[in-house]
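These notes concern the structure reproduced below.
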Amino acid sequence: MSKIQQYQEEMNQSIDEIIEKAKTLPEEVIRWKPSAEEWSIMEILCHVEEVIGYWTRELVRVIQAGGTEWGRGLQDEARLAAVRQADQRAVSDVIQGIEQARRFANEQFASLSDADLALEAPHRNPKFGIKPMTFLVEHFITEHLANHNKQIERNSKKYESQQKA
Numbered sequence: 015m016s017k018i019q020q021y022q023e024e025m026n027q028s029i030d031e032i033i034e035k036a037k038t039l040p041e042e043v044i045r046w047k048p049s050a051e052e053w054s055i056m057e058i059l060c061h062v063e064e065v066i067g068y069w070t071r072e073l074v075r076v077i078q079a080g081g082t083e084w085g086r087g088l089q090d091e092a093r094l095a096a097v098r099q100a101d102q103r104a105v106s107d108v109i110q111g112i113e114q115a116r117r118f119a120n121e122q123f124a125s126l127s128d129a130d131l132a133l134e135a136p137h138r139n140p141k142f143g144i145k146p147m148t149f150l151v152e153h154f155i156t157e158h159l160a161n162h163n164k165q166i167e168r169n170s171k172k173y174e175s176q177q178k179a
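The numbering of the sequence shown is the numbering used here, which starts it at 15 and goes up by one.
This is how it looks when you write it as structure tokens:
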């Protein structure tokens with residue numbers, strides 16, 4: 015199995031788990047915020063929907079350019095807007111959006127090779143420096159989705175604990 019196929023499999027597994035949890039949790043749990051600083055599961059889902067497409071487009075853009083500055087900060091407007099709009103969105107629409115983002119990412123990944131992922135380019139944040147595109151995929155797609163999957167699990171457990179208290 016190629017490295018790109020492995021990443022694709024990891025991404026799809028995390029997305030499957032995220033969607034399954036979202037489909038089985040009651041809406042009140044999905045919309046509940048553990049604290050003012052933490053995201054609700056709905057905000058996480060909206061972020062996941064946006065982030066899959068963003069990082070996939072960024073990956074392809076950098077590869078097609080043969081290496082160029084890449085990345086974004088935590089204050090990126092598209093990132094913030096996705097989370098900000100969570101209260102106005104239906105859970106089913108966001109799940110559909112995640113599925114669409116997955117299809118897009120899978121199509122793009124299928125067009126890439128392991129050699130493409132070896133390309134190195136500078137991140138906009140100097141702390142990351144020059145990294146290969148494997149770093150982009152591992153850190154900002156596969157690990158990122160796995161971490162949000164764990165975050166959804168933690169939020170649902172916090173909700174359950176609060177209800178028992």
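The beta-carbon is built from N, C-alpha and C at its ideal position, and this holds for glycine as well.
Among the options, which one has its Cα closest to the Cα of residue i?
{"i": "D57", "options": "A104, E174, K178, E72", "result": "Here residue 57 is Glu; the residue named in the question, Asp, does not match the sequence. Of the candidates A104, E174, K178, E72, the one whose C-alpha sits nearest the C-alpha of E57 is A104."}
{"i": "L88", "options": "E152, I33, N139, L39", "result": "N139"}
{"i": "L59", "options": "A135, Q122, R116, I18", "result": "R116"}
{"i": "N163", "options": "H61, I18, L133, W46", "result": "H61"}
{"i": "E91", "options": "E64, W84, Q102, G80", "result": "E64"}
Can you tell me whether residue i is helix, strand or coil according to DSSP?
{"i": "K145", "result": "strand"}
{"i": "W69", "result": "helix"}
{"i": "A132", "result": "coil"}
When burial is assigned at 16 or more other CB atoms within 10 Å of the CB, is residue i buried or exposed?
{"i": "T82", "result": "exposed"}
Whole angstroms are fine: how far does the CA of residue j sit from the CA of residue i?
{"i": "Q176", "j": "D130", "result": "47 angstroms"}
{"i": "S170", "j": "E31", "result": "14 angstroms"}
{"i": "A95", "j": "S16", "result": "35 angstroms"}
{"i": "K145", "j": "H137", "result": "7 angstroms"}
So, at 7 angstroms on beta carbons, what are the nonlocal neighbours of residue i in its own chain, with the 5 sequence-adjacent residues on each side left out?
{"i": "W69", "result": "L150, F154, I155"}
{"i": "A119", "result": "M25, I66, T70"}
{"i": "E41", "result": "V105"}
Can you list, in chain order, the residues of its chain whose CB lies under 8 angstroms from that of residue i, leaving out five sequence neighbours each side?
{"i": "E167", "result": "K35"}
Leaving out five residues on either side along the sequence, give the residues of the same chain with a beta carbon under 6 angstroms from the beta carbon of residue i.
{"i": "S28", "result": "L159, A160, N163"}
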